[in-house]
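Novice:
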Amino acid sequence: MSSERAKVRPSTSHDLSEQDIDALLRSVEQPGSAFRVVTTLLILIILGCWVLFSRQILRGLGVTGLNQPVGWGFYIVNFVFFIGISHAGTLISAILRLSNAEWRRPITRMAEVITVVVLAIGAFHPVLDLGRPDRMLNIFTAGRLQSPLLWDVSSISAYFMASTVYLYMPMIPDIALLRDRGARPRWLYSFLAWNWQNTPRQREVLERAVNIMMILVIPIAVSVHTVISYIFAMTLQPGWHSTIFGPYFVVGAIFSGIAALMVLMIVLRRVFHLERYLKEIHFSHLSKLLLVMSLLWFYFTFSEYLTAFFGNEPAEMRVFFYKFTGPYATLFWGMVVCNFLIPVVLLSFRRTRTIPGIMVASIAIVIGMWLERLNIVVPSLANPRLAYPSGFYVPSLVEWAMFVGGLATFALGFVLFARLFPLISVWELREGQEIAVAETAERVESYLPDPVPKGETA
Amino acid sequence: MARWGMAIDLDRCTGCGNCMAACHQENNLTAVGPEETDQSRAFHWIRLLREVSGSEAHAAVRYKPALCVQCDDPPCVKVCPVHATYLSEEGIVGQIYSRCIGCRYCMAACPYNAKVFNWYEPEWPGELKRKANPDVSFRSHGVVEKCTFCHHRVNHAREQARAEDRELRDGEVVPACAESCPARAIVLGNLDDPESTVSTLARSPRAFRPHEDLGTRPKVFYLEEQE
Ligand code: SF4
Ligand code: SF4
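Chain order of the listed sequences is C and Y.
Heads up, the first sequence is in my numbering, so the first residue is 144 and it goes up one at a time.
Heads up, the second sequence is in my numbering, so the first residue is 4 and it goes up one at a time.
1) Would residue 378(C) pass as an interface residue toward chain Y - the criterion being a Cβ-Cβ separation below 7 Å?
2) Residue 347(C) by DSSP, collapsed to three states: which one?
3) Are the CB atoms of residue 521(C) and residue 213(C) nearer to each other than 7 Å?
4) Please list, in chain order, all residues of the same chain as residue 228(C) whose beta carbon is under 6 Å from its beta carbon, the five residues on each side excluded.
5) Closer than 9 Å by beta-carbon distance: list the chain C residues that pair up with residue 221(Y), in chain order.
6) Quick one: using the 10 Å Cβ neighbour count with 16 as the cut-off for buried, is residue 203(C) buried or exposed?
7) Note down, in chain order, every chain C residue with its Cβ under 7 Å from the Cβ of residue 124(Y).
8) If you measure from each residue's Cβ to the nearest non-hydrogen atom of ligand 1, which ones come out under 6 Å, in chain order?
9) Classify residue 330(C): buried if its beta carbon has 16 or more other beta carbons within 10 angstroms, exposed otherwise.
10) For the stretch 467-489 of chain C, which residues have a beta carbon sitting closer than 9 Å to at least one beta carbon of chain B?
11) In the DSSP assignment, what are the bridge partners of residue 97(Y)?
12) Using beta carbons (cut-off 7 Å, strictly below), is residue 306(C) in contact with chain Y?
13) Which residue wins for smallest C-alpha separation from residue 429(C), given the options 445(C), 486(C), 442(C) and 472(C)?
14) Among residues of its own chain, excluding the 5 on either side of residue 199(C), which ones have a beta-carbon nearer than 6 Å to its beta-carbon?
15) Compare the C-beta of residue 37(Y) against all C-beta atoms of chain C and say whether one is closer than 7 Å.
16) With a Cβ-Cβ cutoff of 7 Å, do residue 277(C) and residue 218(C) count as a contact?
17) In whole angstroms, give me the CA-to-CA distance for residue 17(Y) and residue 120(Y).
18) Report the CB separation of residue 202(Y) from residue 192(Y) in whole angstroms; it is logged as a contact under 8 Å.
19) Helix, strand or coil for residue 56(Y) per DSSP?
20) Looking at the secondary structure, which residues open and close the beta strand (DSSP E) in which residue 558(C) lies?
21) Going along the stretch 160-175 of chain Y in order, which residues come within less than 8 Å of chain C, judged by CB to CB distance?
22) When the Cα of residue 432(C) is compared with those of 448(C), 375(C) and 504(C), which residue comes out closest?
23) Which of the three DSSP states is assigned to residue 67(Y) in this structure?
24) Quick one: any contact between the stretch 104-114 of chain Y and the stretch 227-244 of chain C, if contact means 3 or more CB pairs under 8 Å?
25) Does the pairing of the stretch 179-194 of chain C with the stretch 547-557 of chain C give three or more beta-carbon distances under 8 Å?
26) Is residue 148(Y) close to chain C, meaning its C-beta is less than 7 Å from at least one C-beta of that chain?
27) How many angstroms separate the CA atom of residue 459(C) from the CA atom of residue 391(C)?
28) Check whether the Cβ atoms of residue 334(C) and residue 268(C) sit closer than 7 Å, and answer yes or no.
29) Using a beta-carbon distance below 7 Å, is residue 82(Y) in contact with chain C?
30) Between residue 108(Y) and ligand 2, is the CB less than 6 Å from at least one heavy atom?
31) When you compare only the Cα positions, how much space is there between residue 39(Y) and residue 79(Y)?
32) What residues of chain Y sit near residue 524(C), judged by a beta carbon separation below 7 Å?
33) Classify residue 183(C): buried if its beta carbon has 16 or more other beta carbons within 10 angstroms, exposed otherwise.
34) Using the beta-carbon count (16 or more within 10 Å), is residue 509(C) buried or exposed?
35) Give the DSSP-derived three-state secondary structure of residue 192(Y) in the structure shown.
Structure follows, in structure tokens:
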């Protein structure tokens with residue numbers, strides 16, 4: 144099928160009009176002054192956060208709210224959270240491509256950008272958390288492969304590389320388009336376009352390469368969050384030592400990832416006037432997926448806590464009650480409301496499954512999943528087995544600053560990307576318009592029962 | 004070669020806190036001060052855990068000296084990404100301060116909460132720095148540290164014995180906590196030697212190990228009269 148698809152088809156009236164192309168490339172070709180204002184603002188915020196963070200560099204980790212026994216806090220929570228969000232992209236885009244979901248076309252690029260940007264931010268968080276970041280390279284010179292932290296380093300780097308390639312490859316035809324239209328900086332586009340001339344051979348190679356990458360990134364993406372959960376699950380600590388953690392984390396990651404993608408899609412649609420490309424149908428498809436993930440999340444959470452409750456192991460129960468009724472109760476129930484009640488109610492009914500409804504549900508999920516990470520990391524550490532008073536943890540200004548800084552970096556990454564490259568894949572849309580109707584018809588035909596041969600009766 | 008273990012008689016311990024003070028002095032622990040202590044960053048290699056038992060009307064309080072139990076299968080060593088904490092041939096779990104990157108994974112993994120972290124550059128107010136123990140290194144900020152059964156004393160005794168061309172004698176190595184204990188509740192010795200005091204005590208029906216159910220195989224034995 145792939146070689147057939149790669150054939151150059153004569154352009155038809157279904158082609159994207161010049162207007163469409165102008166609209167899709169507007170963010171690159173006519174950035175406007177708002178772009179400069181936003182970039183400056185974000186850079187200032189990020190710089191401010193680093194100024195606050197410099198206290199930690201100068202004085203040590205003492206400036207955080209961490210303590211004994213709660214040795215991990217915001218940095219690790221945000222690490223898990225951001226890496227989770229990063230699963231929106233590559234994984235979802237790969238699944239949609241793999242399943243030939245035609246409606247994916249305007250979405251995949253945005254999703255893939257999220258992955259690359261957020262993964263970089265997330266992967267940086269453990270470095271913030273080190274007592275001696277200057278010795279970070281010890282991980283490579285003296286690394287112990289038995290440590291789950293090393294598994295993390297390996298699978299996150301693999302994921303980062305694979306997603307970058309997976310983001311870049313389908314961008315080549317669009318970059319070539321920008322090059323041919325003379326967008327600036329010219330050297331950048333002609334360098335990145337890699338001499339793309341849109342020949343049949345090039346199309347075929349590209350298609351095959353994208354197909355290989357899309358298969359490759361799925362297991363890597365699953366491994367990333369599984370391995371992150373192993374950081375916790377490989378210890379003996381109550382609340383962490385659970386076999387369900389691998390899949391639970393992966394589900395949570397995809398869940399928060401789709402939600403973040405939806406928030407972003409709604410915002411970008413508004414900002415760049417993409418209503419003609421990101422239609423209600425996209426949101427409605429994705430929100431059904433989100434609804435399924437929400438139910439799945441609840442199922443995992445329920446299983447996790449029910450087993451703990453029936454086992455009734457003292458150390459386990461201490462953590463359990465700390466979450467349910469102790470100082471973490473508000474955060475715990477807030478998580479349940481944000482991850483389950485709000486999305487299930489809003490996304491189940493057609494009346495509320497509108498763009499504003501989806502926006503509210505998605506924001507709730509993003510917050511709820513962050514709370515989930517917090518609920519996993521802190522309560523277990525706060526309740527040691529020994530006759531030790533249970534601990535508490537309040538993040539300091541520095542930790543908040545780095546959280547805000549992380550979010551601002553995410554926004555900046557997206558703004559810069561939108562400034563340099565089209566947010567919606569132009570050639571894939573075009574390809575969709577040229578061949579998708581015929582191809583889909585052919586595919587549907589292939590599912591249908593074979594016609595009864597003439598002369599026979601059914 | 005010895006396999007070091009410790010026995011602590013809880014029925015002798017009065018909770019006086021001498022062991023904590025002696026350990027602090029002996030191992031050049033930083034003085035973190037009241038503010039940090041309030042922030043739950045008290046800095047001890049050995050602590051007195053307060054355990055309350057019985058009904059409210061007849062509460063019995065007992066103190067239990069708690070230190071790294073030098074697990075034979077240490078969860079902390081398993082997770083360290085850089086081999087900065089390790090189980091020595093003599094069964095003592097050590098820290099390589101110059102290699103530790105301060106990820107605190109070992110602290111998160113230790114079920115005994117035996118490790119402490121240097122949140123700031125360590126300080127020794129007034130005279131303390133001049134009176135520091137020359138046998139023990141100073142740590143820097145950002146690393147994890149823990150009880151080593153006064154490893155420097157073990158080394159010292161071993162060298163002494165080698166110089167005199169003899170075996171180490173039972174009771175020859177006395178860690179600072181044991182030395183300072185007025186009730187003589189703490190004993191260090193070779194668990195591989197069935198005749199040693201610590202082995203004898205470990206075999207006593209009064210002996211138990213903390214959280215043996217976790218499979219960490221601690222080498223610290225507590226002794227207590229059980230009902
Ligand atoms: S008690 Fe904790 S620090 Fe000591 S060896 Fe065991 S796990 Fe490691
Ligand atoms: S804090 Fe140091 S000793 Fe502990 S796991 Fe990390 S690198 Fe290893």
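Beta carbons are placed, not taken as given, at the ideal position from N, Cα and C, and that holds for glycine.
Specialist: Concretely, from the data shown:
1) Walking along the first sequence from the start, residue 378(C) turns up at place 235. With 7 Å as the cut-off, residue 378(C) counts as an interface residue toward chain Y.
2) Walking along the first sequence from the start, residue 347(C) turns up at place 204. If DSSP states are grouped into helix, strand and coil, residue 347(C) belongs with the helices.
3) Position 378 of the first sequence, counted from the first residue, corresponds to residue 521(C). Position 70 of the first sequence, counted from the first residue, corresponds to residue 213(C). In contact: residue 521(C) and residue 213(C) (Cβ atoms closer than 7 Å).
4) The residue labelled residue 228(C) in the question sits at position 85 within the first sequence. Within the same chain, residue 228(C) has close Cβ partners 261, 399, 400 and 403.
5) On the second sequence, residue 221(Y) is found 218 positions in, with the first residue counted as 1. Result: empty, since nearest Cβ-Cβ is about 12 Å, beyond 9 Å.
6) Here residue 203(C) corresponds to residue number 60 of the first sequence, with the count starting at 1. So residue 203(C) counts as buried.
7) For this step, residue 124(Y) is matched to residue 121 along the second sequence. Chain C residues near residue 124(Y): 203.
8) 71(Y), 72(Y), 73(Y), 74(Y), 77(Y), 78(Y), 79(Y), 96(Y), 113(Y), 115(Y), 117(Y), 118(Y), 149(Y) and 219(Y)
9) As a position in the first sequence, residue 330(C) is number 187, starting the count at 1. Exposed, since its Cβ has fewer than 16 Cβ neighbours within 10 Å.
10) Absent here is chain B; the protein component of the structure consists of chains C and Y.
11) Position 94 of the second sequence, counted from the start, is the residue given in the question as residue 97(Y). Partner(s): 89(Y).
12) Residue numbering aside, residue 306(C) sits at position 163 when the first sequence is read from its first letter. Chain Y, which has no Cβ nearer than 7 Å to the Cβ of residue 306(C), makes this no.
13) Residue numbering aside, residue 429(C) sits at position 286 when the first sequence is read from its first letter. With distances taken between Cα atoms, residue 429(C) lies closest to 486(C).
14) Residue numbering aside, residue 199(C) sits at position 56 when the first sequence is read from its first letter. 206 and 541.
15) Locating residue 37(Y) in the second sequence gives position 34, counting from the first residue. Residue 37(Y) does not count as touching chain C.
16) Start at 1 with the first residue of the first sequence, and residue 277(C) comes out as number 134. Start at 1 with the first residue of the first sequence, and residue 218(C) comes out as number 75. Against a cut-off of 7 Å, the Cβ pair of residue 218(C) and residue 277(C) comes out as no contact.
17) For the purposes of this step, residue 17(Y) is taken as residue 14 along the second sequence, with counting starting at 1. For the purposes of this step, residue 120(Y) is taken as residue 117 along the second sequence, with counting starting at 1. For residue 17(Y) and residue 120(Y), the distance between alpha carbons rounds to 28 Å.
18) Stepping through the second sequence from its first residue, residue 202(Y) is reached at position 199. Stepping through the second sequence from its first residue, residue 192(Y) is reached at position 189. The Cβ separation is near 7 Å, so the contact holds.
19) The sequence position of residue 56(Y) within the second sequence is 53, counting from 1. Three-state result, residue 56(Y): strand.
20) Along the first sequence, one-based indexing puts residue 558(C) at 415. That residue, residue 558(C), is in no beta strand (DSSP E); its alpha helix (DSSP H) goes 540-563.
21) none
22) On the first sequence, position 289 is the one that residue 432(C) refers to. Answer by Cα proximity: 504(C).
23) As a working note, residue 67(Y) is residue 64 in the second sequence. Here residue 67(Y) sits in strand by DSSP.
24) no
25) yes
26) On the second sequence, position 145 is the one that residue 148(Y) refers to. No, residue 148(Y) lies away from the interface with chain C (no Cβ there is under 7 Å from its Cβ).
27) Locating residue 459(C) in the first sequence gives position 316, where the first residue counts as 1. Locating residue 391(C) in the first sequence gives position 248, where the first residue counts as 1. If you take the alpha carbons of residue 459(C) and residue 391(C), they lie about 18 Å apart.
28) Indexing the first sequence from 1 puts residue 334(C) at position 191. Indexing the first sequence from 1 puts residue 268(C) at position 125. No, the Cβ-Cβ distance between residue 334(C) and residue 268(C) is not below 7 Å.
29) Here residue 82(Y) refers to the residue found at position 79 when the second sequence is read from its first residue. Chain C, which has a Cβ nearer than 7 Å to the Cβ of residue 82(Y), makes this yes.
30) The residue you call residue 108(Y) lines up with position 105 of the second sequence. The answer is yes for residue 108(Y).
31) Counting from 1 along the second sequence, the entry for residue 39(Y) is found at position 36. Counting from 1 along the second sequence, the entry for residue 79(Y) is found at position 76. Their Cα atoms are separated by approximately 25 Å.
32) If you number the first sequence from 1, residue 524(C) lands on position 381. 111, listed in chain order.
33) On the first sequence, position 40 is the one that residue 183(C) refers to. Exposed: under 16 other Cβ atoms inside 10 Å.
34) Counting from 1 along the first sequence, the entry for residue 509(C) is found at position 366. Its Cβ being crowded by 16 or more others within 10 Å, residue 509(C) is buried.
35) As a first step, residue 192(Y) must be located in the second sequence, where it is residue number 189. If DSSP states are grouped into helix, strand and coil, residue 192(Y) belongs with the strands.
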